[in-house]
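Written out below as structure tokens is the structure these notes cover.
Protein chains in written order, with the working numbering: chain G, 1 to 107; chain P, 1 to 502.
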């Protein structure tokens, strides 16, 4: 029911691996479950996007109160170069869904 | 028809006025948008004119002590990752806390650009993966930004010789508050990227300008005016070289009467000069592509300042799906005005739009008008005075110290002083000729102690910055005007005698 291109797209966006038929089925069931929301008539009702919407948004004074903890931050980094975090050269493109299966079969 | 460009008839007229641009060469001024009419020379066919359409997305770094949602410091060029809080590094368990100063900066800017300020605005998450965006999303204002529907007026010279100016307007679609990302340093040799998060989380105002412009010149003039406004307000220092003002251009072309063409986005523009070049190059590229039967892809291109052209950017293939969603950790931002202000309220927690409006400083357009009125100079002159950092102050200092009329002084300031500074790429504040020295020189001229030609000679000497006063140079080079009748007769006689033999 969910097209291969959509699955591919979702995997890239969310970096979630649907991997097998069970995973895909679970996804389809989840979508069907959520579709029930369409049965509610929401004409003329403003969508609520947060239970916090009536709260006051706290405004902070423009003072410097944080920072200066380079060592602590870098403690979690697997690799570092002179106080810089290290990352791959660019976004590594995910292989397409069909290619992935080939890789899996090979491993 | 595109806004900012005249009707078809005007294009044709303007096009005919400058026939020399019939076949613009690549590498030279690629697209001659005659701003007075908006014409662009047709390509080889010479038949159907093209209407270029330029819109801009400008990111201005907010001038504040701390970041938009955290208390770490905002500072250029600090040791890597030293100005980073746990929230900026996106460590779990941290939450955003909005900086009041950033809100005020955005409101000020919105008011200065004639926007409607949304008393209720919302924050959203924009998701994409990149090493310098640790959270995997940017907090921005996609649905309901803080300010909408404004305008920006800017001036252009119609004709260098005619010295007339025209005022153009570009609509401001919206201004939104958003986070800046960190900085990536690409190390191609070792195939890695080094990430510095000092800039991650710094407050930005994104100013979206509608596609009302038609060429590099207009885009540059509009951005320059925005820069001056931001600097006058103090909401951003807007120095492009330090990345405090970043401009992305959206460019497309179409035939008059037809729908807009496919647009490309041009990024990596690091100065006003490059902005004009990048826009004009892209317009020309698109025209040539379409005229040779090709199509324009809706892509993102980077401007290569070395080659003076735009190239497709990698890592931007395919349409991005940002999965916008409301920021769950931030309630709506509510702003007040004098009418809606609740009575017993903590003033630190309230941003009053009217209070800010009353305290706005004189904007550049107002300053220019005042200069014209006060000193009787041309609008074009006041434009130049405000465009050069420190020049207005210099001019006014000279006026204070000389009897020469401002209308005459301005000529010396713009034609002599400024052209010299430009030639040698010196800023006004680094000028070897101070306002004091120039005023001194102009007084000698005004008192008829030297001739204008001699004055220019003295000025040339003063540029050397050897510490001599104008009077000393005049005496040294014997440039004093001779007023004694008898002496003049003697000189003339000598000259005549000298030529008697011929």
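Glycine is no exception: its CB is placed at the ideal position from the N, C-alpha and C atoms.
Selection from the options that minimises the alpha carbon distance to residue i
i                      : options                    : result
residue 198 of chain P : P/186, P/247, P/81         : P/81
residue 290 of chain P : P/262, P/303, P/276        : P/262
residue 171 of chain P : P/83, P/164, P/151, P/180  : P/151
residue 285 of chain P : P/235, P/270, P/301        : P/301
residue 269 of chain P : P/191, P/258, P/243, P/364 : P/243
residue 110 of chain P : P/65, P/75, P/226          : P/226
residue 255 of chain P : P/153, P/50, P/322, P/374  : P/50
residue 52 of chain G  : P/331, P/491, P/188, P/352 : P/331
residue 182 of chain P : P/158, P/136, P/213, P/145 : P/136
residue 180 of chain P : P/69, P/107, P/296, P/79   : P/69
residue 146 of chain P : P/174, P/130, P/190, P/376 : P/174
residue 144 of chain P : P/116, P/128, P/127, P/165 : P/116
residue 184 of chain P : P/131, P/176, P/164        : P/131
residue 354 of chain P : P/108, P/77, P/63          : P/108
residue 451 of chain P : P/494, P/346, P/480, P/366 : P/480
residue 149 of chain P : P/216, P/129, P/176        : P/176
residue 351 of chain P : P/106, P/485, P/296        : P/106
residue 405 of chain P : P/388, P/445, P/303, P/386 : P/445
residue 518 of chain P : P/202, P/266, P/294        : Residue coverage of chain P in this structure runs from 1 to 502, which leaves residue 518 of chain P outside it and unanswerable.
residue 253 of chain P : P/190, P/213, P/223, P/378 : P/213
Residue i, DSSP secondary structure in three states
i                      : result
residue 496 of chain P : helix
residue 203 of chain P : strand
residue 147 of chain P : strand
residue 473 of chain P : helix
residue 244 of chain P : coil
residue 118 of chain P : coil
residue 88 of chain G  : coil
residue 197 of chain P : helix
residue 77 of chain G  : coil
residue 365 of chain P : helix
residue 382 of chain P : helix
residue 370 of chain P : helix
residue 249 of chain P : strand
residue 138 of chain P : strand
residue 482 of chain P : coil
residue 266 of chain P : strand
residue 310 of chain P : strand
residue 388 of chain P : coil
residue 208 of chain P : strand
residue 158 of chain P : strand
Residue i: first and last residue of the uninterrupted alpha helix (DSSP H) it sits in
i                      : result
residue 9 of chain G   : 4 to 14
residue 419 of chain P : 419 to 423
residue 444 of chain P : 435 to 446
residue 354 of chain P : 353 to 358
residue 404 of chain P : Per DSSP, residue 404 of chain P belongs to no alpha helix (DSSP H) and is neither H nor E.
residue 171 of chain P : Note, residue 171 of chain P: premise wrong, no alpha helix (DSSP H); beta strand (DSSP E) at 164 to 179.
residue 289 of chain P : 272 to 291
residue 102 of chain P : 100 to 112
residue 295 of chain P : First-last for residue 295 of chain P: undefined, no H or E at that position.
residue 223 of chain P : 216 to 233
Enclosing beta strand (DSSP E) for residue i [first to last residue]
i                      : result
residue 301 of chain P : 300 to 304
residue 35 of chain G  : Residue 35 of chain G -> not in any beta strand (DSSP E); alpha helix (DSSP H) instead, spanning 21 to 35.
residue 451 of chain P : That residue, residue 451 of chain P, is in no beta strand (DSSP E); it is neither H nor E in DSSP.
residue 55 of chain P  : 51 to 61
residue 126 of chain P : 124 to 127
residue 184 of chain P : 183 to 187
8 Å Cβ cutoff, residue i in contact with chain A
i                     : result
residue 30 of chain G : The structure shown contains no chain A; the protein chains it does contain are G and P.
Are the stretch 84 to 97 of chain P and the stretch 334 to 353 of chain P in contact at 8 Å, needing three or more beta carbon pairs? The stretch 334 to 353 of chain P and the stretch 84 to 97 of chain P do not touch, with fewer than three beta-carbon pairs separated by less than 8 Å.
The stretch 117 to 124 of chain P / the stretch 327 to 337 of chain P touching (three or more Cβ pairs under 8 Å): With the rule of 3 Cβ pairs closer than 8 Å, the stretch 117 to 124 of chain P counts as touching the stretch 327 to 337 of chain P.
Pair every Cβ in the stretch 188 to 207 of chain P with every Cβ in the stretch 51 to 68 of chain P, then say whether three or more of these pairs are closer than 8 Å. At 8 Å Cβ cutoff, the stretches touch.
Would you check if there are 3 or more beta carbon pairs closer than 8 Å linking the stretch 432 to 451 of chain P to the stretch 399 to 416 of chain P? With a cut-off of 8 Å on Cβ pairs, the stretch 432 to 451 of chain P is in contact with the stretch 399 to 416 of chain P, counting three or more such pairs.
For the stretch 95 to 108 of chain P against the stretch 61 to 71 of chain G, do three or more pairs of beta-carbon atoms, one drawn from each stretch, fall closer than 8 Å, so that the two count as touching? Segment contact: the stretch 95 to 108 of chain P against the stretch 61 to 71 of chain G, three or more CB-CB distances shorter than 8 Å; contact assigned.
Residues in the stretch 50 to 70 of chain G having any Cβ partner in chain P nearer than 8 Å: Along the stretch 50 to 70 of chain G, going in chain order, the ones with a CB nearer than 8 Å to a CB of chain P are 50, 52, 53, 54, 55, 56, 57, 58, 59, 60, 61, 62, 63, 64, 65, 66, 67, 68, 69, 70.
Can we say the stretch 223 to 239 of chain P touches the stretch 277 to 284 of chain P, given the rule of at least three CB pairs closer than 8 Å? Fewer than three Cβ pairs drawn from the stretch 223 to 239 of chain P and the stretch 277 to 284 of chain P lie within less than 8 Å of each other, which leaves the two stretches out of contact.
Decide yes or no for the touch test of the stretch 422 to 432 of chain P against the stretch 447 to 458 of chain P: beta carbon pairs closer than 8 Å, at least 3 of them. Counting Cβ pairs under 8 Å, fewer than three are found: no touch.
Examine the Cβ distances between the stretch 352 to 359 of chain P and the stretch 182 to 197 of chain P and report whether three or more of them are shorter than 8 Å. The stretch 182 to 197 of chain P and the stretch 352 to 359 of chain P do not touch, with fewer than three beta-carbon pairs separated by less than 8 Å.
Interfacial residues, the stretch 69 to 91 of chain P to chain G, with Cβ spacing under 7 Å: Shown in chain order are the members of the stretch 69 to 91 of chain P whose Cβ falls below 7 Å from a Cβ of chain G: 70, 71, 72, 73, 79, 80, 81, 82, 83, 84, 85, 89.
Counting only Cβ-Cβ distances shorter than 7 Å, please list the residues of the stretch 189 to 205 of chain P near chain G, keeping chain order. From the stretch 189 to 205 of chain P, only 191, 192, 193, 194, 195, 196 have a Cβ closer than 7 Å to chain G.
Between the stretch 75 to 89 of chain G and chain P, which residues of the former have CB atoms less than 7 Å from a CB of the latter, in chain order? Taking 7 Å as the Cβ-Cβ cut-off against chain P, the residues of the stretch 75 to 89 of chain G that qualify are 81, 83, 84, 85, 86, 87, 88, 89.
With 7 Å as the C-beta to C-beta threshold (strictly closer), list the residues of the stretch 55 to 66 of chain P near chain G in chain order. For the stretch 55 to 66 of chain P, the beta-carbon criterion of a distance under 7 Å to any beta-carbon of chain G is satisfied by 64, 65, 66.
Residues of the stretch 6 to 19 of chain G with Cβ closer than 8 Å to any Cβ of chain P, in chain order: Taking 8 Å as the Cβ-Cβ cut-off against chain P, the residues of the stretch 6 to 19 of chain G that qualify are 9, 13, 15.
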